[in-house]
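Mapping of the sequence shown onto UniProt numbering: position 81 corresponds to residue 81, and the numbering continues sequentially without gaps. C-beta atoms are modelled at their ideal positions from N, C-alpha and C, and glycine is treated no differently. Okay, so here's the structure we're looking at.
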Amino acid sequence: MDPMVKKMFESIEEKYGKPVSEWVELVKASGLEKHGERINFLKKEHGFSHGFANLVVHEAKNPGIGAGTKPGDDELLEAQFKGKEDLRKLYDLVIAAVEKFGPDVDVSVKKNYVSLRRDVQFGILQPSAKSRLDVGLVLKEDDSSLEKAGSFNSMCSHRIRLEGIESPDKETIGWLKKAYETAKR
Numbered sequence: 001m002d003p004m005v006k007k008m009f010e011s012i013e014e015k016y017g018k019p020v021s022e023w024v025e026l027v028k029a030s031g032l033e034k035h036g037e038r039i040n041f042l043k044k045e046h047g048f049s050h051g052f053a054n055l056v057v058h059e060a061k062n063p064g065i066g067a068g069t070k071p072g073d074d075e076l077l078e079a080q081f082k083g084k085e086d087l088r089k090l091y092d093l094v095i096a097a098v099e100k101f102g103p104d105v106d107v108s109v110k111k112n113y114v115s116l117r118r119d120v121q122f123g124i125l126q127p128s129a130k131s132r133l134d135v136g137l138v139l140k141e142d143d144s145s146l147e148k149a150g151s152f153n154s155m156c157s158h159r160i161r162l163e164g165i166e167s168p169d170k171e172t173i174g175w176l177k178k179a180y181e182t183a184k185r
């Protein structure tokens, strides 16, 4: 089992008050069948972050799997970060910060990027170069201090290039939070 996933499993009881086995039984007893519904149940009703909710829902579906991500997500992320392994830590830190925005954050791994959603998409993360993680933002208003997304991604209005750093700066997290806050239908 991946060391990070193992650590998450070990910290669920401390963080959420019950062992994984009890959360799994609660998910099964909820009557909800769809993966997303189960995740939202844990996030909205019990204050789980997306990552921990996802872990419990996978454990409910496939006991002992300990995947922490949707089937196939690990492979997609591995492919995205192939040759760019040094960026994975930066990506993980950005995801951890984004998941603190609220229980309704949805992290969805795609083939070439990771989508960040609330009611609607508010951002993407994409390892675009060996030493650069691009953060795409969906902002309602124009801000001349940010780079326009241009041809980077048509779903985004702006882009922040994180290059040569080991952790995201407060300004980047602030812009992600602003995009999150306006991502309502």
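> When the Cα atoms are used, what is the spatial distance from E166 to S21?
Replying inline: 35 Å
> Going by other Cβ atoms of all chains shown within 10 Å of its Cβ, with 16 needed for buried, is K6 buried or exposed?
Replying inline: exposed
>> As a quick exercise: from L42, K184, G174 and E14, pick the residue whose alpha carbon is nearest that of K120.
In response: The question names Lys, yet the displayed sequence has Val at residue 120. The shortest C-alpha separation from V120 is found at K184.
> DSSP state of A96, grouped into three classes?
Replying inline: When DSSP states are grouped into helix, strand and coil, A96 belongs to the helix group.
> What are the boundary residues of the beta strand (DSSP E) that includes R132?
Replying inline: R132 to L137
>> Let me check one thing: in DSSP terms, what residues is E14 bridge-paired to?
In response: Answer by DSSP bridge pairing: none, since E14 is not bridged.
> Is the Cβ-Cβ distance between A97 and I173 less than 7 Å?
Replying inline: yes
> What do you reckon, are the CB atoms on L125 and Y91 nearer than 7 Å?
Replying inline: yes
>> When you compare the CB positions of K84 and K130, do they come within less than 7 Å of one another, or not?
In response: yes
>> Considering just the uninterrupted stretch of the beta strand (DSSP E) at V109, what are its terminal residues?
In response: D106 to V109
> Relative to the C-alpha of I12, which residue among N153, K82 and G47 is closest?
Replying inline: Minimum Cα-Cα distance from I12 among the listed residues N153, K82 and G47 corresponds to G47.
> Per DSSP, E147 is paired with what?
Replying inline: R159
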